[in-house]
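S.K.: Residue 706 in this note's numbering sits at position 123 of the sequence shown; the count goes up by one each step and never skips.
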Amino acid sequence: MKIAVSGKGGAGKSTVSAQLVRCFTLNELPVFAVDADPDANLGLVLGLDPEKIEKLRPLVELQDVIEAKNFGGGTLVDLNPDVDDVLEDYTLREGLIRFLKMGSIKQGGSACYCKENSFLNAVLTAMLLDREEGVVLDMSAGIEHLTRGTARGVEVMLVVVEPTRAGVSTAKSVDRLAADLKINQIYFVGNKIRNDQDRAYLESQLLPERFAGMIPFSEQVLEKARRGEALVSKQEDFLPGLEKIFEMVTGR
Ligand SMILES: Nc1ncnc2c1ncn2[C@@H]1O[C@H](COP(=O)(O)OP(=O)(O)O)[C@@H](O)[C@H]1O
Ligand SMILES: [Mg+2]
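#1: Taking the alpha-carbon positions, what's the Ile651 to Asn700 distance?
#2: Could you tell me the distance, in whole angstroms, from the CA atom of Met584 to the CA atom of Leu639?
#3: Determine the burial state of Lys635: buried for a count of at least 16 other Cβ atoms within 10 Å of its Cβ, exposed for fewer.
#4: Taking 6 angstroms as the limit between beta carbons, can you name the residues of its chain near Gly595, skipping five residues before and five after?
#5: Please give the ranges of any alpha helix (DSSP H) in the stretch 731 to 797, keeping only runs that are unbroken, at least 4 residues long and fully inside the region.
#6: Could you give the C-beta distance for Leu679 and Leu642, rounded to a whole number, given that I count them as a contact under 8 angstroms?
#7: Tell me whether Gly626 is buried or exposed, calling it buried when 16 or more other Cβ atoms sit within 10 Å of its Cβ.
#8: In angstroms, rounded to a whole number, what distance separates the CA positions of Arg793 and Thr598?
#9: How many Å lie between Arg676 and Glu716 at the Cα?
#10: Would you list the residues sitting across from Arg835 in a DSSP beta bridge?
#11: Taking just the CA atoms, how far does Tyr673 sit from Gly686?
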């Protein structure tokens, strides 16, 4: 099962992503946990060792590997080099989890970052279309790492949304981007829901049937975030509704 998670900054993408990753491991399923948000915090929310996270090089910065694989360079361009070794060497392993950082898609001025971007694309293709493991992609609202090609591998896109006007507005734009990429299943996940009004507000703005679930506001989650503690280490740590969402999207 390949899941992408998007939404506005602060909406709870990494919180939801980390909990989904733990759902995979509790079901004894291997999973790639991919931090594809430039404002990266998935590793910390997952409770991985901060020093190791810091040391892990984002894929986009692997100049040596990108050159060695001859991405977009030279006369003999290999359009589809094997990147399985990258998934071995540049991921942080913890049990069934393999964590990796994508780094930002590079754009700008006259410079061409074709090599870097085609490398990221190859790694995403491998994870989303070739490999058996599950994938949880923690993405920014721009979902710019995805292309028509790689989006074919995304089975479900979850758009995390807080009950605010700004949150809804961003969620709608992510929904449009994901639909343009022809992702079949796009669901909203309401987060930090405090009462029935919050729920009703979101349903009135985004239609009830578009929601995979609603997650309550949790003091415990906030307290853990303040202390910098891992969000999920045991079954009891799951936010209400999260396991249901996992079951729904994976059909388990
Ligand atoms: N259901 C929730 N209840 C309480 N706090 C939450 C909840 N979901 C997320 N948070 C808190 O909101 C903040 C932003 O969440 P985070 O997952 O890092 O967002 P994002 O990755 O979308 O930027 C964090 O401090 C997190 O602990
Ligand atoms: Mg985040």
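Ideal Cβ placement from N, Cα and C applies to all residues, glycine included. Since this is a predicted model, take the numbers as computed values, not measurements.
M.R.: In terms of the structure at hand:
#1: Reading the sequence shown from its first residue, position 68 is the one you call residue 651. Reading the sequence shown from its first residue, position 117 is the one you call residue 700. The sequence given here has Ala at residue 651, not Ile. One C-alpha to the other measures close to 15 angstroms.
#2: Here residue 584 is taken as the residue at index 1 of the sequence shown, counted from 1. Here residue 639 is taken as the residue at index 56 of the sequence shown, counted from 1. Approximately 25 angstroms between the Cα atoms of the pair.
#3: The count along the sequence shown starts at 1 and reaches residue 635 at position 52. Exposed, since its Cβ has fewer than 16 Cβ neighbours within 10 Å.
#4: Start at 1 with the first residue of the sequence shown, and residue 595 comes out as number 12. Its chain contains Val743, Asn774 as the residues whose beta carbon lies nearer than 6 angstroms to that of Gly595, once the 5 sequence neighbours on both sides are disregarded; these appear in chain order.
#5: Runs of the alpha helix (DSSP H) inside the stretch 731 to 797: 731 to 734, 748 to 763, 779 to 789.
#6: Looking up residue 679 in the sequence shown gives position 96. Looking up residue 642 in the sequence shown gives position 59. In this structure, Leu679 and Leu642 do not form a Cβ contact; the two beta carbons are roughly 21 angstroms apart against a cut-off of 8 angstroms.
#7: Along the sequence shown, one-based indexing puts residue 626 at 43. Buried: at least 16 other Cβ atoms inside 10 Å.
#8: Walking along the sequence shown from the start, residue 793 turns up at place 210. Walking along the sequence shown from the start, residue 598 turns up at place 15. Computed Cα separation, rounded: 20 angstroms.
#9: As a first step, residue 676 must be located in the sequence shown, where it is residue number 93. As a first step, residue 716 must be located in the sequence shown, where it is residue number 133. One C-alpha to the other measures close to 13 angstroms.
#10: Indexing the sequence shown from 1 puts residue 835 at position 252. Arg835 pairs with nothing; no bridge assigned.
#11: Numbered from 1 along the sequence shown, position 103 holds the residue referred to as residue 686. Numbered from 1 along the sequence shown, position 90 holds the residue referred to as residue 673. Their Cα atoms are separated by approximately 12 angstroms.
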